[in-house]
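*Asks:*
Numbering (this note's numbering), first residue to last: 7 to 680.
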């Protein structure tokens with residue numbers, strides 16, 4: 007220690023001390039008076055648009071700067087660029103939708119197949135905001151780019167990217183349903199390749215394949231894919247039914263001018279019904295407009311239907327001669343075997359299905375629900391196609407091809423129920439998990455009702471069917487009607503759909519004892535049970551439609567079944583409220599001159615007229631709409647003395663002046679006819 011100290015002192019003494027003069031005061035300060043000149047690039051300022059702060063992200067980046075960050079390799083930079091695009095879309099969407107739409111679509115869609123999960127999810131979110139800000143027709147020129155990235159994601163070698171391609175498809179279905187519909191033939195093959203493969207390259211039939219990885223079961227993966235298929239089919243059905251104005255490119259529009267080359271061309275110009283105001287309520291002070299020409303009469307008919315010949319077994323059917331029919335038939339041939347094969351993998355293993363009320367696992371119940379929904383959607387498409395072309399060949403082919411398989415594979419174990427353990431586990435599962443498919447009730451009412459409905463669709467003359475299968479279906483539906491305790495509006499609507507199809511729809515006019523017993527049970531429940539008012543209204547409309555729309559079917563059921571119910575109907579007009587749809591149904595009965603109903607209406611006319619100004623019309627679109635219908639309903643009373651009494655006495659204090667005058671003029675017109 008001492009030696010070190012001596013060495014330190016010696017070293018200090020050996021240093022040379024420099025001594026010099028001190029600087030004058032004030033000269034030892036750093037000079038800061040140098041000149042600075044800013045570098046200004048006018049084009050750069052113009053490009054960044056600093057005059058409008060709303061066109062910048064929170065990092066003061068323009069739209070092009072944010073999109074340029076998507077080309078970097080750093081995932082954080084890509085996410086930051088996508089976040090900046092979303093901020094600009096929220097502040098000033100026209101900066102992207104009008105100035106940089108092409109660049110934005112191509113740049114954002116390119117990261118849809120990125121290897122990082124966070125980047126892909128941010129991409130889908132940003133695309134959704136971009137589609138919402140830009141109109142669908144503006145996205146149309148770039149949809150081929152979007153479609154190519156979707157197909158790449160569906161067929162990607164990375165399983166995670168294939169899984170997330172379903173989220174990208176969800177975004178397209180939500181914001182671009184029309185474009186997805188127009189390009190469904192390009193999406194459908196890659197979509198089905200995710201869960202199946204072709205049995206033979208020359209035929210459309212497919213077989214199931216294994217799941218992508220071991221982190222989820224085959225059933226869960228197929229469920230996720232089939233749920234998107236339901237969304238695609240729903241859009242197609244909505245388009246066919248005319249719920250949305252979706253017109254395919256290249257589709258033949260009704261002719262507006264004469265075409266000399268077509269001998270069947272219409273000679274009159276088409277009149278758009280949207281330009282005419284149609285008002286079906288009579289008003290003395292204003293002119294009324296009523297449609298005189300049906301718009302569908304302007305649509306040209308396909309020539310094959312004008313010269314239709316007899317079809318033999320060796321010839322192509324009319325459905326095969328039309329492209330739309332061939333496409334639909336191909337879809338059915340691809341999907342139906344997959345649905346049955348999916349069910350055979352998860353159905354209960356009870357031999358021969360001897361026991362009733364087979365218990366299903368959660369996966370089996372979910373699979374059954376999905377395949378029934380898809381099968382019913384395919385049948386609806388076939389039905390709509392048959393109505394459009396006036397051709398039922400495709401429907402007959404569908405019944406002959408798949409009715410037997412449906413009865414042997416699915417109806418054999420009907421009715422089904424879910425195991426309580428699976429139901430409890432489903433309730434405890436995290437609801438936010440996407441793999442949590444559908445909440446299935448313990449009794450599987452949704453699945454069982456769909457089985458009943460689809461069985462009736464597959465059997466044309468089911469009302470006169472004496473087989474055990476139809477007896478099983480009617481027995482189950484009748485038991486559900488007797489114990490009508492459904493809280494879910496969806497289940498109520500589904501049961502009413504089944505009842506309407508079984509009791510009214512289709513051309514089957516013969517009725518067996520089972521169907522007649524179901525109708526009697528429904529009448530008893532309507533009269534005695536305490537059902538929700540909306541359900542009661544829909545049942546009432548069903549009964550009225552049976553009487554009004556199909557007189558032969560009503561006589562087959564027996565007119566005495568409806569006698570008590572018809573006598574009760576006028577009492578609805580003496581209550582505090584009534585639905586507008588019910589009022590229209592009663593008016594249809596009166597127009598048909600139903601003797602039992604009109605006699606009961608005449609007996610209750612005093613209370614009806616006294617309550618006409620007090621009753622509340624539910625779902626009334628404009629003032630006095632319901633009151634006009636009530637007056638029109640009383641118009642059909644055939645007793646001259648009764649009508650004269652009301653015209654003379656004028657007990658209409660609750661009605662306003664206009665309605666009182668309308669009532670008197672209507673009754674005078676009726677008296678003039680008697």
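Glycine is no exception: its CB is placed at the ideal position from the N, C-alpha and C atoms.
May I have the straight-line CA-CA distance separating residue 266 from residue 382, to the nearest angstrom?
*Replies:* As a first step, residue 266 must be located in the chain shown, where it is residue number 260. As a first step, residue 382 must be located in the chain shown, where it is residue number 376. Because residue 266 sits at a pLDDT of 42, beneath the cut-off of 50, its placement in the model cannot be relied upon, and the point is left open.
*Asks:* Tell me which residues share the same chain as residue 377 and place their Cβ nearer than 7 Å to its Cβ, disregarding the 5 neighbours each side in the sequence.
*Replies:* For the purposes of this step, residue 377 is identified with residue 371 of the chain shown, where counting begins at 1. Excluding positions up to five away in sequence, the list reads 345, 348, 349.
*Asks:* Going by DSSP, what residues sit across from residue 6 in a beta bridge?
*Replies:* With the chain covering 7 to 680 only, the question about residue 6 has no answer from this structure.
*Asks:* Rounding to the nearest angstrom, what Cα-Cα distance links residue 589 and residue 562 in this structure?
*Replies:* To locate residue 589, count along the chain shown from 1; it is residue 583. To locate residue 562, count along the chain shown from 1; it is residue 556. So the two alpha carbons sit approximately 26 Å from each other.
*Asks:* Specify the secondary structure class of residue 554 as computed by DSSP and reduced to three states.
*Replies:* As a working mapping, residue 554 is identified with position 548 in the chain shown. Reduced to three states, the DSSP call for residue 554 is helix.
*Asks:* Hey, how far is the Cα of residue 188 from the Cα of residue 117?
*Replies:* Residue numbering aside, residue 188 sits at position 182 when the chain shown is read from its first letter. Residue numbering aside, residue 117 sits at position 111 when the chain shown is read from its first letter. Distance between the alpha carbons of residue 188 and residue 117 is about 24 Å.
*Asks:* Ordered along the chain, which non-local residues of its own chain (more than five positions away) have a Cβ less than 8 Å from that of residue 179?
*Replies:* Within the chain shown, numbered from 1, the residue matching residue 179 stands at position 173. 186, 234, 237, 238, 241, listed in sequence order.
*Asks:* Does the distance from the C-beta atom of residue 583 to that of residue 624 stay below 9 Å?
*Replies:* The residue given as residue 583 occupies position 577 in the chain shown. The residue given as residue 624 occupies position 618 in the chain shown. Cβ atoms of residue 583 and residue 624: closer than 9 Å.
*Asks:* Would you say the region 128-138 touches the region 87-103, given that touching needs at least three Cβ pairs under 8 Å?
*Replies:* The region 128-138, when compared against the region 87-103, does touch it at the 8 Å Cβ threshold.
*Asks:* Could you check what DSSP says for residue 391 in three-state terms: helix, strand or coil?
*Replies:* Numbered from its first residue, the chain shown carries residue 391 at position 385. In this structure, residue 391 counts as helix in the three-state DSSP scheme.
*Asks:* Thinking C-beta only, is residue 341 closer than 9 Å to residue 246?
*Replies:* For the purposes of this step, residue 246 is taken as the residue at position 240 of the chain shown. For the purposes of this step, residue 341 is taken as the residue at position 335 of the chain shown. No, the pair does not count as a contact, with Cβ atoms beyond the cut-off.
*Asks:* Counting Cβ pairs, one atom from each stretch, are 3 or more of them under 8 Å apart for the region 609-621 and the region 590-600?
*Replies:* The region 609-621, when compared against the region 590-600, does not touch it at the 8 Å Cβ threshold.
*Asks:* Apart from the five residues just before and just after residue 52, which ones in its own chain have a Cβ nearer than 8 Å to its Cβ?
*Replies:* Counting from one through the chain shown, the residue named residue 52 turns up at place 46. Residue confidence is low: residue 52 scores 49 on pLDDT, short of 50, so the model does not pin down where it sits. No coordinate-derived value is stated.
*Asks:* Tell me the rounded alpha-carbon separation between residue 542 and residue 532.
*Replies:* By one-based count along the chain shown, residue 542 stands at place 536. By one-based count along the chain shown, residue 532 stands at place 526. Each residue's alpha carbon lies about 7 Å from the other.
*Asks:* Under the rule that 16 or more other beta-carbon atoms within 10 Å means buried, what is residue 686, buried or exposed?
*Replies:* The question about residue 686 has no answer, for the chain in this structure spans 7 to 680.
*Asks:* In three-state terms, what does DSSP make of residue 398?
*Replies:* What you label residue 398 is simply residue 392 of the chain shown in a count that begins at 1. In this structure, residue 398 counts as coil in the three-state DSSP scheme.
*Asks:* Suppose the cutoff is 6 Å on Cβ atoms and the five residues either side in sequence are ignored; what does the same chain contact list for residue 330 look like?
*Replies:* Working through the chain shown from its first residue, we reach residue 330 at position 324. Excluding sequence neighbours, residue 330 sits near nothing in its chain.
*Asks:* Can you tell me whether DSSP reads residue 164 as helix, strand or coil?
*Replies:* The residue you call residue 164 lines up with position 158 of the chain shown. Here residue 164 sits in coil by DSSP.
*Asks:* Would residue 670 and residue 653 be called neighbours here (beta carbons separated by less than 9 Å)?
*Replies:* Start at 1 with the first residue of the chain shown, and residue 670 comes out as number 664. Start at 1 with the first residue of the chain shown, and residue 653 comes out as number 647. Yes, these two residues count as a Cβ contact at 9 Å.
*Asks:* Give every residue of the same chain whose Cβ lies closer than 6 Å to the Cβ of residue 424, excluding the five residues on either side of it in the sequence, and list them in chain order.
*Replies:* The residue labelled residue 424 in the question sits at position 418 within the chain shown. These residues qualify, in order along the chain: 366, 371, 446, 448, 450.
*Asks:* Closer than 6 Å by C-beta to residue 398: which residues in its own chain qualify, once you throw out the five before and the five after it? Chain order, please.
*Replies:* Translated into positions along the chain shown, residue 398 becomes position 392. Result list for residue 398: 392, in chain order.
*Asks:* Using the beta-carbon count (16 or more within 10 Å), is residue 636 buried or exposed?
*Replies:* The residue labelled residue 636 in the question sits at position 630 within the chain shown. So residue 636 counts as buried.
*Asks:* Tell me where the alpha helix (DSSP H) around residue 62 begins and ends.
*Replies:* As a position in the chain shown, residue 62 is number 56, starting the count at 1. No alpha helix (DSSP H) holds residue 62; DSSP gives it neither H nor E.
*Asks:* If residue 172 and residue 230 are in contact, beta carbons under 8 Å, what's the gap, nearest whole angstrom?
*Replies:* To locate residue 172, count along the chain shown from 1; it is residue 166. To locate residue 230, count along the chain shown from 1; it is residue 224. About 6 Å; that satisfies the 8 Å criterion.
*Asks:* Suppose contacts are defined by Cβ-Cβ distances below 9 Å. Is residue 555 in contact with residue 525 by that definition?
*Replies:* Taking the chain shown and counting its residues from 1, one reaches residue 555 at position 549. Taking the chain shown and counting its residues from 1, one reaches residue 525 at position 519. No. Outside cutoff.
*Asks:* Would residue 121 be called buried (16 or more neighbouring beta carbons within 10 Å of its own) or exposed?
*Replies:* If you number the chain shown from 1, residue 121 lands on position 115. Exposed, since its Cβ has fewer than 16 Cβ neighbours within 10 Å.
*Asks:* Is the separation between the beta-carbon of residue 600 and that of residue 553 shorter than 9 Å?
*Replies:* On the chain shown, position 594 is the one that residue 600 refers to. On the chain shown, position 547 is the one that residue 553 refers to. In this structure, residue 553 lies closer than 9 Å to residue 600 by Cβ.
*Asks:* Between residue 84 and residue 75, how many whole angstroms is the CB-CB distance? I'm expecting something under 8 Å.
*Replies:* Taking the first residue of the chain shown as 1, we reach residue 84 at position 78. Taking the first residue of the chain shown as 1, we reach residue 75 at position 69. Between residue 75 and residue 84 the Cβ distance is about 7 Å, and since that is below 8 Å, they are a contact.
*Asks:* Quick check on residue 606: does DSSP put it in helix, strand or coil?
*Replies:* The sequence position of residue 606 within the chain shown is 600, counting from 1. Residue 606 falls in the helix class under three-state DSSP.
*Asks:* Where DSSP assigns a beta bridge to residue 366, which residues make up the other side?
*Replies:* The count along the chain shown starts at 1 and reaches residue 366 at position 360. According to DSSP, which records beta bridges pairwise, residue 366 is partnered with 424.
*Asks:* Within 10 Å of its beta-carbon, does residue 628 have 16 or more other beta-carbons around it, so buried, or fewer, so exposed?
*Replies:* If you number the chain shown from 1, residue 628 lands on position 622. By the 10 Å Cβ count, residue 628 comes out exposed.
*Asks:* Using the Cβ count rule (16 or more neighbours within 10 Å means buried), how would you classify residue 184?
*Replies:* The residue given as residue 184 occupies position 178 in the chain shown. So residue 184 ends up on the buried side.
*Asks:* If you drop the 5 nearest sequence neighbours on each side, which residues of the same chain put their C-beta closer than 7 Å to that of residue 107?
*Replies:* Stepping through the chain shown from its first residue, residue 107 is reached at position 101. Around residue 107: 140, 144.
*Asks:* Count the other CB atoms, across all protein chains shown, that sit within 10 Å of the CB of residue 160; report buried if there are 16 or more and exposed otherwise.
*Replies:* Reading the chain shown from its first residue, position 154 is the one you call residue 160. Flag for residue 160 reads buried.
*Asks:* Taking the Cβ atom as the reference point for each residue, do residue 465 and residue 409 lie within a distance shorter than 9 Å?
*Replies:* Translated into positions along the chain shown, residue 465 becomes position 459. Translated into positions along the chain shown, residue 409 becomes position 403. Against a cut-off of 9 Å, the Cβ pair of residue 409 and residue 465 comes out as a contact.
*Asks:* Once DSSP output is grouped into helix, strand and coil, what is the label at residue 494?
*Replies:* Reading the chain shown from its first residue, position 488 is the one you call residue 494. Residue state, collapsed to three classes: coil.
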